[in-house]
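What follows is one structure encoded as structure tokens, with my remarks underneath.
In full-length UniProt numbering, the protein residues as written are 1 to 118.
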């Protein structure tokens, strides 16, 4: 299970990543980002989380994000217009294709608090 969250303000940004595996194994990562938009920070958190899961040998993954736009763009329900976001979307879809099964779900912020606080 992977929980991701990205944030951005005018002065700083960050990514919170929580990867939970069998037997209570957890990997928590908090990363500082220098991105001007929340969209890019959210995609960067997701990209980092997927890459970490692949490096850890995860084959099936449920991903939780509280940012609805990312979830619906990945599902193809909302078109991306900005080229940098389109580039992120392509990368995320490529990473997802490397798993046997990978499902991205949008959840309420209250259900993503650990990634949010990182």
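By construction, the Cβ of each residue, glycine as well, lies at the ideal position given by its N, Cα and C atoms.
Distance between residue j and residue i (C-alpha atoms, nearest Å)
i: residue 118; j: residue 109; result: With a pLDDT of only 47 at residue 118, under 50, the local geometry of the prediction cannot be trusted, and the value read off the model is given with reservation. Looking at the two C-alpha atoms, the distance is approximately 13 Å.
i: residue 4; j: residue 42; result: 8 Å
i: residue 100; j: residue 59; result: 5 Å
i: residue 33; j: residue 88; result: 15 Å
i: residue 91; j: residue 47; result: 8 Å
i: residue 105; j: residue 82; result: 22 Å
i: residue 27; j: residue 49; result: 10 Å
i: residue 13; j: residue 29; result: 14 Å
i: residue 103; j: residue 31; result: 23 Å
i: residue 55; j: residue 17; result: 14 Å
CB-CB length for residue i against residue j, believed under 8 Å
i: residue 72; j: residue 78; result: 4 Å
i: residue 45; j: residue 19; result: Wrong, their Cβ atoms sit about 12 Å apart, outside the cutoff.
Reference residue i; option with closest CA among the options
i: residue 22; options: 15, 45, 62, 103; result: 62
i: residue 24; options: 103, 94, 1, 17; result: 1
i: residue 96; options: 107, 69, 66, 51; result: 51
i: residue 107; options: 31, 67, 55; result: 67
i: residue 57; options: 98, 103, 15; result: 98
Legend entry - Contact the segment 1-15 vs the segment 28-46: 3+ CB pairs below 8 Å: At 8 Å Cβ cutoff, the stretches touch.
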